[in-house]
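**Q** Numbering follows numbering that gives the first Met the number 0, with no gaps: position 108 of the sequence shown is 107.
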Amino acid sequence: MPTPIDLKVLMNHIYEYQKGVRRMVLFTCPKQYGKYATERLRSQKIDYVLQSAGKNNLNVYFGRPECLEAIRLIATRPLNQLTPEEDFILGAMLGYDLCAQCQRYCERKCKVS
Numbered sequence: 000m001p002t003p004i005d006l007k008v009l010m011n012h013i014y015e016y017q018k019g020v021r022r023m024v025l026f027t028c029p030k031q032y033g034k035y036a037t038e039r040l041r042s043q044k045i046d047y048v049l050q051s052a053g054k055n056n057l058n059v060y061f062g063r064p065e066c067l068e069a070i071r072l073i074a075t076r077p078l079n080q081l082t083p084e085e086d087f088i089l090g091a092m093l094g095y096d097l098c099a100q101c102q103r104y105c106e107r108k109c110k111v112s
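Printed below as a string of structure tokens:
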């Protein structure tokens, strides 16, 4: 079972999703907690997508089916390997601050050019 902090973070994400605050969530946790997280999402009838996040962690995306379909097309490799455009889209989908995402995009794009 996850630590109390992991559990609280997951429960808060689920609550925000169910209340409509978010359309999609990215929850990163140790791989050993993946089963707990997915069982909790299944019990709430929430769709999700899993992605390995390094050796010991797991990215659990959950939310609206149309958002998850886009995730399946965008996040096809580790997040640190996404293009600046893919990174920007992902951040926008997750509801990150748009101005901060624009700044991050410009910084990453300048490094690539």
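All C-beta atoms, glycine included, are put in the ideal place defined by N, C-alpha and C. All figures in this text were calculated on a predicted structure; none of them were measured in a lab.
#1: Would you list the residues sitting across from Thr-27 in a DSSP beta bridge?
#2: For Ala-36, which residues in the same chain have their Cβ closer than 7 Å to its Cβ, ignoring the five residues on either side in sequence?
#3: What residues match up with Ser-51 in a beta bridge as DSSP calls it?
#4: According to the Cβ coordinates, are Arg-107 and Pro-83 closer than 7 Å?
#5: When we look at the beta-carbon of Ala-99 and count the other beta-carbons within 10 Å, is it buried (16 or more) or exposed?
#6: Alpha helix (DSSP H) containing Pro-83: first to last residue?
**A** Once the coordinates are examined:
#1: Against the sequence shown, residue 27 aligns to sequence position 28. Answer is Asn-58, bridged to Thr-27.
#2: Here residue 36 is taken as the residue at index 37 of the sequence shown, counted from 1. Counting only Cβ-Cβ distances below 7 Å, and skipping sequence neighbours, we find Leu-9, Phe-26, Cys-28 and Val-59.
#3: As a first step, residue 51 is located in the sequence shown; it is residue number 52 there, counting from the start. Answer is Leu-57.
#4: Residue numbering aside, residue 107 sits at position 108 when the sequence shown is read from its first letter. Residue numbering aside, residue 83 sits at position 84 when the sequence shown is read from its first letter. Yes, these two residues count as a Cβ contact at 7 Å.
#5: The sequence position of residue 99 within the sequence shown is 100, counting from 1. Exposed, by the Cβ-count rule.
#6: Here residue 83 refers to the residue found at position 84 of the sequence shown. Element bounds for Pro-83: 83-92.
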